[in-house]
Amino acid sequence: MKKLQKRIADNRKCLFKLRREKMSGQFHDEEQYNMEKAIYEKEVVQCEKRLAELTEEQRKKSDLTELCEQVMDMLDELLDLDFDSFDEMQLILKKLLSEIKVSRDGDIQVVTKFGLSLLEL
1 MKKLQKRIAD NRKCLFKLRR EKMSGQFHDE EQYNMEKAIY EKEVVQCEKR
51 LAELTEEQRK KSDLTELCEQ VMDMLDELLD LDFDSFDEMQ LILKKLLSEI
101 KVSRDGDIQV VTKFGLSLLE L
């Protein structure tokens with residue numbers, strides 16, 4: 001991500017220098033100016049797009065890590081549970097599960113609070 005940020009900054013500096021040369025009259029070839037400008041601008045857009053993708057990936061990984069930590073905490077609570085205490089067990093299960101479906105055929109579907117089906121686990 002830092003490399004992409006540096007490339008974006010470098011290309012913006014080059015664009016700035018190119019425009020300054022154009023405005024000061026040092027750059028006489030309009031076609032060359034437009035081509036170089038387009039190349040720098042395209043590079044900036046591509047890098048910004050990739051940077052946004054990496055940022056989103058990092059956010060998703062962070063969210064997943066946090067979710068895993070929450071699940072582990074809840075599983076620790078479940079392991080420490082005294083199954084003689086029905087109320088405590090019910091509380092833990094309510095924290096972990098959002099839905100349990102049982103069909104007439106005997107098929108059972110368990111969905112966690114995190115949207116994961118027991119079959120996916």
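Okay, so the sequence shown: first residue is 1 according to the numbering used here, each after it adds one.
Where is the CB? At the ideal position from N, CA and C, for every residue including glycine.
Pair within 8 Å by beta-carbon distance, residue i and residue j
i      : j     : result
GLU124 : LEU18 : Residue 124 lies beyond the stretch modelled for the chain, which goes from 1 to 121, so this question has no answer here.
GLU31  : LEU15 : no
MET74  : ILE92 : yes
PHE90  : LEU51 : The identity of residue 90 in the sequence shown is Gln, whereas the question assumes Phe. In this structure, LEU51 does not lie closer than 8 Å to GLN90 by Cβ.
GLU48  : ILE8  : yes
LEU54  : MET1  : yes
Beta-bridge pairing of residue i - partner residues as DSSP gives them
i      : result
GLN109 : LYS101
Backbone secondary structure at residue i - three-state DSSP
i      : result
PHE27  : coil
ASP87  : helix
PHE114 : coil
MET35  : helix
MET74  : helix
ASP80  : coil
Exposure label - residue i; buried when at least 16 CB within 10 Å
i      : result
CYS68  : exposed
ASN34  : exposed
GLU120 : Its pLDDT being 39, under 50, GLU120 is placed unreliably in this model, and the value from its coordinates should be taken loosely. Exposed.
Can we say the segment 94 to 112 touches the segment 57 to 68, given the rule of at least three CB pairs closer than 8 Å?
no
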